[in-house]
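Chemist: So the number in my numbering is just where the residue sits in the sequence shown, counting from 1, plus 1091.
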Amino acid sequence: MADRGRSAGGEAQVRVNPSFPKEARQAIGAALRYLAARDRTRHEVRCYLRKRGFSDQAALEAIERLGGWGYLDDQRVALNWARTKMQVALWGRARVTAGLERRGVERQTIAELFHLLEQELSDQDLALRAAKKYIRTHPRAGSALSRRLAAYLSRRGFAPETIRRLLVEELGPDLGGEGLDREGLSRKKPQGDSC
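1) Please state whether DSSP places residue 1211 in a helix, a strand or coil.
2) Could you check whether residue 1214 and residue 1249 sit closer than 8 Å to each other, using their CB atoms as the reference points?
3) Would you identify the three-state DSSP class for residue 1164, choosing helix, strand or coil?
4) Just the C-alpha distance for residue 1265 and residue 1131, rounded to the nearest angstrom, thanks.
5) Taking the beta carbon of residue 1165 as the centre, do at least 16 other beta carbons fall within 10 Å, making it buried, or is it exposed?
6) By alpha-carbon positions, which one of 1179, 1208, 1126 and 1246 ends up nearest to residue 1185?
7) Does the count of Cβ pairs from the segment 1159 to 1173 and the segment 1199 to 1214 closer than 8 Å reach three?
8) Does the segment 1140 to 1154 come into contact with the segment 1187 to 1198, if we say contact requires no fewer than three beta-carbon pairs (one atom in each stretch) closer than 8 Å?
9) Let me confirm a value: residue 1175 is counted as buried when at least 16 other C-beta atoms fall within 10 Å, else exposed. Which label applies?
10) For residue 1259 and residue 1173, I'd like the C-alpha separation in whole angstroms.
11) Can you tell which of 1117, 1133 and 1230 has the C-alpha that lies nearest to the C-alpha of residue 1081?
12) Among 1129, 1188, 1158 and 1125, which has the Cα closest to the Cα of residue 1142?
13) Looking at the structure shown, is residue 1112 part of a helix, part of a strand, or coil, going by DSSP?
14) Return helix, strand or coil for residue 1156, following the three-state DSSP convention.
Rendered as structure tokens:
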């Protein structure tokens, strides 16, 4: 069992039962310092501890303890990271998935995560926001705008079907032409008589 307290310098300390192996206690301390900067996945902590020279057994014991104390929660880390990347960086599902896999998040957890995020964040809305940003920051793209925009959205991790739907239905077939309002990404109303 752990006893949590504060040292004189204000740094959090965790005192682990002395019967716990010394290397595992040291691994817990190293992992806590690593976690002080930001949340990390179990995989990231395990890799960090291995790089620091701890045995696999000590790393696994430390991870098990930290998980039991609530310091490690892959689902929480993945949800926060994915939400930030999608809302702020305007990443699509494929790029977020690749990033989570690099961080060691299991595919099942990723699938559950996207099921939770579906209600909050639609790929179509994110792609539209990313397209608006691209058009705003690339005013001289000219006739190649739709091709360049499609490549940009693809690099951001949006599915080809989402990109096609955005370019055809939302932005119109003449993306670089007269009928498109570049600021609002909506068709301009025709001037003159309308019936």
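Idealized CB from N, CA, C, for every residue including glycine.
Modeler: Here's the rundown:
1) The residue given as residue 1211 occupies position 120 in the sequence shown. DSSP, read as helix, strand or coil, puts residue 1211 in coil.
2) As a first step, residue 1249 is located in the sequence shown; it is residue number 158 there, counting from the start. As a first step, residue 1214 is located in the sequence shown; it is residue number 123 there, counting from the start. Cβ atoms of residue 1249 and residue 1214: closer than 8 Å.
3) Sequence index remark: in the sequence shown, residue 1164 carries index 73 (1-based). It is coil, neither helix nor strand.
4) For the purposes of this step, residue 1265 is identified with residue 174 of the sequence shown, where counting begins at 1. For the purposes of this step, residue 1131 is identified with residue 40 of the sequence shown, where counting begins at 1. Residue confidence for residue 1265 is low, a pLDDT of 46 falling below 50, so the modelled location carries little weight; the figure read from the coordinates is stated next. A straight line joining the alpha-carbon of residue 1265 with that of residue 1131 spans about 45 Å.
5) Against the sequence shown, residue 1165 aligns to sequence position 74. Counting of Cβ neighbours within 10 angstroms places residue 1165 among the buried residues, the total reaching 16 or more.
6) Counted from its first residue, the sequence shown places residue 1185 at position 94. By alpha-carbon distance to residue 1185, the top candidate from 1179, 1208, 1126 and 1246 is 1246.
7) Taking 8 Å as the limit for Cβ pairs, the verdict is that the segment 1199 to 1214 does touch the segment 1159 to 1173.
8) no
9) Residue 1175 sits at position 84 when you count from the first residue of the sequence shown. Result: exposed.
10) As a first step, residue 1259 must be located in the sequence shown, where it is residue number 168. As a first step, residue 1173 must be located in the sequence shown, where it is residue number 82. When rounded, the distance between both Cα atoms is 28 Å.
11) Given that the chain is displayed from residue 1092 to residue 1286, the structure contains no residue 1081 and the question cannot be resolved.
12) For the purposes of this step, residue 1142 is identified with residue 51 of the sequence shown, where counting begins at 1. Considering only alpha carbons, the answer is 1125.
13) Counting from 1 along the sequence shown, the entry for residue 1112 is found at position 21. Reduced to three states, the DSSP call for residue 1112 is coil.
14) Mapped onto the sequence shown, residue 1156 falls at position 65. Residue 1156 falls in the helix class under three-state DSSP.
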